[in-house]
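Engineer:
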Amino acid sequence: MSQEELINMISERAGISKQTVRDIIGTFAEVWSEEILLQGELDLDTIGEFLIEHRPGRKAMNTETKEVFLIPPKDYLSFTPSRELIEWSNKPA
Numbered sequence: 086m087s088q089e090e091l092i093n094m095i096s097e098r099a100g101i102s103k104q105t106v107r108d109i110i111g112t113f114a115e116v117w118s119e120e121i122l123l124q125g126e127l128d129l130d131t132i133g134e135f136l137i138e139h140r141p142g143r144k145a146m147n148t149e150t151k152e153v154f155l156i157p158p159k160d161y162l163s164f165t166p167s168r169e170l171i172e173w174s175n176k177p178a
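In the numbering used here, the protein residues as written are 86 to 178.
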């Protein structure tokens, strides 16, 4: 589903203008991003938990040339779905 399809669906179901939905989604995305960057996590009870996790640097080897090189450390975003979302996704159609 594209963002525009989501906007159309929410607009129809909630009975509000598409522009209002766009504004709400934009604001949600800003707040969501800020919260994750500041706190390192965001827990949405019915959806799941988003966490910024750290992956330390490590050594690796090119198997063809046997050259050893360093993979730099980095942070990445992980998602753990809520129990409710898992149960909903496993319901038979």
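C-beta atoms are modelled at their ideal positions from N, C-alpha and C, and glycine is treated no differently.
It should be emphasised that the depicted structure is a prediction, and the values quoted were computed from it without experimental measurement.
Measure from the C-beta of asparagine 147 to each C-beta in chain B and report whether the shortest distance is under 9 Å.
Structural biologist: As a matter of chain content, chain B is missing from the structure shown, which is built from one protein chain.
Engineer: Give the C-beta separation of glutamate 138 and threonine 165 to the nearest angstrom, bearing in mind that I take them to be a contact with Cβ-Cβ under 8 Å.
Structural biologist: On the sequence shown, residue 138 is found 53 positions in, with the first residue counted as 1. On the sequence shown, residue 165 is found 80 positions in, with the first residue counted as 1. Actually they are not in contact, since the Cβ atoms of glutamate 138 and threonine 165 sit about 11 Å apart, beyond 8 Å.
Engineer: Opposite threonine 131 in the DSSP bridges: which residues?
Structural biologist: Looking up residue 131 in the sequence shown gives position 46. Answer is none; threonine 131 lacks a bridge partner.
Engineer: Between Leu122, Ser118, Glu152, Leu129, which lies nearest to glutamate 169 when the distance is taken from Cα to Cα?
Structural biologist: Here the question's residue 169 lines up with position 84 in the sequence shown. Answer by Cα proximity: Leu129.
Engineer: For a test of the three-state rule: what should DSSP assign to methionine 94, helix, strand or coil?
Structural biologist: For the purposes of this step, residue 94 is taken as the residue at position 9 of the sequence shown. Correct three-state label for methionine 94: helix.
Engineer: Relative to the C-alpha of glutamate 126, which residue among Leu136, Glu119, Ile132, Ser96 is closest?
Structural biologist: Start at 1 with the first residue of the sequence shown, and residue 126 comes out as number 41. Selected option, being the one with the closest Cα: Leu136.
Engineer: With a 10 Å radius around its C-beta and 16 neighbouring C-beta atoms as the bar for buried, classify tryptophan 116 as buried or exposed.
Structural biologist: If you number the sequence shown from 1, residue 116 lands on position 31. Looking at the sequence provided, one finds valine at residue 116 rather than tryptophan. When all chains shown are included, valine 116 counts as exposed.
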